[in-house]
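Chemist: Structure provided below as structure tokens; questions to follow.
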Amino acid sequence: MKIATKLNALTLCTTFLSVAIAASLLWQDHQQQQHFKRLDDVFRIQVSIDSLRAQLLTFRSTQDPAVLKSSHEIDAELKTLLENAPHINNQQQIYLQSLAKQNDSVCYLLDQMIDLHSGGPSPQVDQASQHLVNLLTGVVQSMTEDSIRLEQHAVSDSKQLRRETHLMIGGLLFAFTLLLWGMSINTSRSFRNRIALLDKGIRQLSDGDTNSRIHTHSRDEIGEVAQHFNDMTDQLRATTVSRDQLQAEVDKRTRELNSQKQALKQLADHDQLTDLPNRAYFRQSLASAIGKNKRAGTSAAVFFMDLDKFKQINDSLGHHIGDEVLQEVSRRFRNRLRSSDFIARLGGDEFTVIIDPLPNPQSAAQIARQLLLCLKAPLNIEEHELHLRTSIGISIFPEDGDDVSTLMRNADLAMYKAKEDGGNTFHFYNQAMTHDAVRKISLEEELRQALKQHQLSVYYQPQYSLDNKRLVGVEALARWIHPEEGIIHPQEFIPLAEERGLIQNLGMQILEMACQQCSLWMRDGIDPGVLAVNLSARQLNHPHLRTQITEILDRTGWPATRLELEVTESFFIKDPNTCLGVLNELRELGIKLAIDDFGTGYSSLSYLKKLPISKLKIDRSFTRDLIDDAEDRAISMAIIALGKSLGLQVIAEGVEKQGQEDILVSEGCDQVQGFLYGKPMPAEQFPNCASASLLLNETL
Ligand code: C2E
Ligand code: MG
Ligand code: MG
């Protein structure tokens with residue numbers, strides 16, 4: 003049964019109880035009324051009997067027959083009362099019937115008395131009357147007693163009725179109270195028990211027990227709640243199973259994701275080729291090393307390393323060899339460093355190292371020396387035996403900077419200094435290097451201005467044939483006549499111009515000035531021979547190179563056949579197809595092509611054959627030690643032999659001593675250029691040099 007129905011039943015019972023009590027009270031009231039009425043009748047009967055007795059007493063004393071008549075009336079009235087008096091129970095009825103009979107006797111006796119006195123007074127009448135009065139008095143006396151008993155009976159009956167009514171109401175009240183009490187106790191106990199079951203079930207569920215069930219058979223609201231709870235736990239169990247599967251799947255995916263994340267982190271943090279940490283990871287590690295040393299008040303060192311001439315290996319032997327070189331070099335560096343040292347590859351052939359902590363600068367020098375030494379043994383990659391060197395720049399925290407960028411920049415500057423010193427060495431950073439870097443920035447701006455204002459000038463260095471010592475050509479070399487600093491050499495501004503995209507403009511200005519000058523000399527009867535002009539590799543990629551050269555030749559009137567463009571060896575190899583296309587176009591114009599600084603790159607014979615070149619220039623580094631260094635001599639000899647086999651002219655540059663010339667002559671070198679014959683000179687000095695050469699020829 004529903005709780006609401008139970009409550010309704012209770013309310014109904016209470017209402018019913020109230021109605022019953024009200025009805026009982028009404029009934030009792032009605033009964034009371036009846037009793038009062040009965041008592042009233044009884045009193046009236048008593049009053050009549052008393053009146054009758056009083057009349058008899060009066061008659062006894064007066065012997066007046068009229069009294070008898072009024073007694074008769076009273077008697078008749080009493081008779082009516084007795085006939086109409088309600089009888090409630092047998093006892094009362096018996097009393098009433100007895101009273102009625104006695105009254106009838108009284109009536110009879112009165113009638114006798116009246117008859118007796120109707121004949122007038124006499125002693126017999128008086129005697130009979132006396133007798134009758136005595137009888138009457140006895141009957142009335144008996145009636146009085148009966149009426150008293152009737153009254154007593156009615157009063158006790160009324161009391162009895164009241165008691166019974168009270169008992170009935172009390173009983174009713176008691177019974178209903180008991181019923182309500184029982185019902186409420188039963189209901190509350192049932193509620194308590196089932197709510198306890200609900201509570202237990204919910205607790206078990208909240209503890210994660212999805213098998214929790216509430217066992218109740220009631221069909222009320224709590225039963226419904228229990229049923230819903232059971233349905234819910236059933237569903238939850240079903241969901242929990244799938245949730246467990248889901249969790250397992252999530253765990254699996256999380257593991258996969260974590261390993262992928264690690265792999266990605268490895269990829270993001272490491273260089274794929276060498277597996278060393280990359281630039282981002284390096285910067286991050288350096289930042290934390292700086293923080294740590296700042297707090298501890300200790301020092302750390304940053305190494306910036308760049309392999310010497312690695313570019314040439316890459317360009318000449320191909321990227322796959324270059325890659326293997328980088329892998330081997332990385333391995334050697336890694337093995338040489340302590341496990342606490344951090345090495346990274348920034349990109350290309352650039353490596354960085356963090357030495358943390360650094361006990362003193364000497365230990366940084368010691369480590370740098372070891373890194374240089376670890377490259378001493380040649381690298382054997384495929385059939386090649388490669389000699390690798392590196393330049394190292396060192397900056398120290400906190401002296402040389404206290405942030406990542408400054409320390410890296412200063413180590414980089416120190417590395418450039420090591421490169422300038424010929425490589426295969428290390429340099430500590432110092433303030434002057436920053437000064438140099440600052441100078442480079444201001445120099446760039448000044449160079450732009452110089453190009454605008456045509457402040458560049460050309461120096462000329464003669465080239466001679468070894469056959470007859472005749473002047474066969476002249477190399478145009480750029481000079482920057484700085485208004486304050488005087489002459490600035492090309493090593494200082496050519497790389498800057500290349501780096502900053504000024505080289506095409508610069509190269510074309512030099513070419514135009516040189517062609518112009520040579521045309522003037524020719525006009526003045528001085529034949530400079532072939533004009534050799536240096537061409538930067540970057541110019542080879544310039545889209546208007548051919549057009550601009552043609553225009554210059556047209557403007558200056560210098561014949562293309564008398565122009566020789568010198569391009570550094572490694573540049574030929576860098577982008578062979580583009581290079582070949584451009585060189586062929588220039589060759590078609592009649593321009594000669596020479597490979598400058600030959601021997602420093604790694605040109606292959608088959609490749610050289612394809613190039614439309616006419617001359618090889620032996621690099622100054624080989625000529626320099628030609629006399630003392632057998633290796634350099636062997637290389638020079640090989641270049642000369644190579645040139646001959648390919649039908650190319652060979653010129654040696656940097657000839658300063660007669661001994662060098664002698665060797666070159668004996669090896670069959672075609673031409674020479676060097677301080678021995680003439681330093682690069684301004685245009686106005688060149689005619690003297692050219693006429694001196696003529697004189698020289700004439701004496702020969
Ligand atoms: P390079 O083309 O190999 O020029 C030869 C360099 O060797 C010149 O240096 C020259 O002064 C120097 N030299 C010649 N004979 C001797 C010698 O006997 N002993 C010594 N110690 N040096 C000798 P320079 O003029 O300083 O030029 C350096 C480099 O700058 C040139 O090397 C060339 O690569 C580049 N360069 C010069 N002018 C230009 C230019 O107009 N355009 C381009 N792209 N590069 C240029
Ligand atoms: Mg040159
Ligand atoms: Mg050269």
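Numbers 3 to 702, taken from my numbering, label the letters of the sequence shown in order.
Using N, Cα and C, we set each Cβ at its ideal position, and we do this for glycine too.
All values reported here derive from a predicted model rather than from experimental measurement.
(1) Would you say residue 652 and residue 618 are within 7 Å of each other, going by their C-beta atoms?
(2) Among 462, 393, 511 and 66, which residue has its Cα nearest to the Cα of residue 689?
(3) Starting from the C-beta of residue 615, find all residues in its chain whose C-beta is less than 7 Å away, skip the five residues before and the five after it, and write them out in chain order.
(4) The beta strand (DSSP E) that contains residue 283, what's its start and end?
(5) Taking residue 165 as part of the alpha helix (DSSP H), name the residues at either end of that continuous run.
(6) Do you know offhand how far residue 135's Cα is from residue 111's?
(7) With DSSP collapsed to three states, give me the class of residue 696.
(8) Return the CA-CA distance between residue 685 and residue 522, expressed in angstroms with no decimal places.
(9) Give the DSSP bridge partners of residue 391, in chain order.
(10) Give the secondary structure of residue 461 by DSSP, where H, G and I count as helix, E and B as strand, and everything else as coil.
(11) Does the distance between the C-beta of residue 500 and the nearest non-hydrogen atom of ligand 2 fall short of 6 Å?
(12) Go ahead and pull the three-state DSSP assignment for residue 217.
(13) With distances taken Cα to Cα, identify the nearest neighbour of residue 609 among 318, 69, 81 and 304.
(14) With a cut-off of 8 Å on the beta carbons, I'd call residue 138 and residue 108 a contact; round off their distance for me.
(15) Compare the C-alpha of residue 693 against each of 496, 499, 524 and 103 and name the closest.
(16) Flag this pair as touching only if the region 321–328 and the region 403–418 have three or more C-beta atom pairs under 8 Å; answer yes or no.
(17) Would you say residue 238 and residue 218 are within 7 Å of each other, going by their C-beta atoms?
(18) Hey, which residues come within less than 5 Å of ligand 2, measuring from Cβ to any heavy atom, in chain order?
(19) Starting from residue 660, follow the beta strand (DSSP E) in both directions and report where the run begins and ends.
(20) Taking Cβ to Cβ, would you say residue 667 is nearer than 7 Å to residue 468?
(21) Taking only heavy atoms of ligand 3 into account, decide whether any of them is closer than 6 Å to the Cβ of residue 477.
(22) With DSSP as the reference, label residue 701 as helix, strand or coil.
(23) Along the chain, where does the beta strand (DSSP E) containing residue 549 start, and where does it finish?
(24) Between the C-alpha atoms of residue 339 and residue 375, what's the straight-line distance to the nearest angstrom?
(25) Buried or exposed: where does residue 20 fall if 16 or more other Cβ atoms within 10 Å of its Cβ makes it buried?
(26) Less than 7 Å separating the beta-carbons of residue 516 and residue 480?
(27) Looking at residue 514 and ligand 3, is the gap between the Cβ and the nearest heavy atom below 6 Å?
(28) Who are residue 479's beta bridge partners in DSSP?
(29) Using a Cβ-Cβ cutoff of less than 8 Å, which residues in the same chain neighbour residue 706 once the five nearest sequence positions on both sides are dropped?
(30) Three-state secondary structure (DSSP) at residue 232?
(31) Helix, strand or coil for residue 688 per DSSP?
(32) By Cβ distance below 8 Å, which residues in the same chain neighbour residue 697 in space, the five residues on each side in sequence not counted?
(33) DSSP three-state call for residue 49: helix, strand or coil?
(34) Which value, in whole angstroms, describes the spacing of the CA atoms of residue 702 and residue 470?
(35) Let's see if you can read the secondary structure: which residues bound the beta strand (DSSP E) around residue 382?
(36) Which parts of the region 314–393 are runs of the beta strand (DSSP E), unbroken and 3 residues or longer, counting only runs that do not cross its ends?
Modeler: A quick look at the data gives this:
(1) yes
(2) 462
(3) 595, 596, 597 and 650
(4) First-last for residue 283: 281–298, but that is the alpha helix (DSSP H), not the beta strand (DSSP E).
(5) 125–208
(6) For residue 135 and residue 111, the distance between alpha carbons rounds to 8 Å.
(7) Residue confidence is low: residue 696 scores 48 on pLDDT, short of 50, so the model does not pin down where it sits. No coordinate-derived value is stated.
(8) 10 Å
(9) 310
(10) strand
(11) no
(12) coil
(13) For residue 609, the nearest C-alpha among the options comes from 318.
(14) 6 Å
(15) 524
(16) no
(17) no
(18) 536, 568 and 598
(19) That residue, residue 660, is in no beta strand (DSSP E); its alpha helix (DSSP H) goes 660–669.
(20) yes
(21) no
(22) Low per-residue confidence applies at residue 701: pLDDT is 40, beneath 50, and the placement is therefore not dependable enough to give any value.
(23) Boundaries for residue 549: no beta strand (DSSP E) harbours it, while the alpha helix (DSSP H) harbouring it runs 547–558, taken from the DSSP string.
(24) 12 Å
(25) exposed
(26) no
(27) no
(28) 461
(29) The requested residue 706 does not occur in the structure, where the chain is confined to residues 3 to 702.
(30) helix
(31) helix
(32) Note that residue 697 scores a pLDDT of 46, beneath 50, so its modelled location is shaky; the value from the coordinates is reported in the next line. None.
(33) Residue 49 falls in the helix class under three-state DSSP.
(34) Note that residue 702 has pLDDT 38, beneath the 50 cutoff, so the model's placement of it is unreliable and the number below is only indicative. If I take the Cα positions, the gap works out to 7 Å.
(35) 381–383
(36) 344–349, 352–357, 381–383 and 386–388
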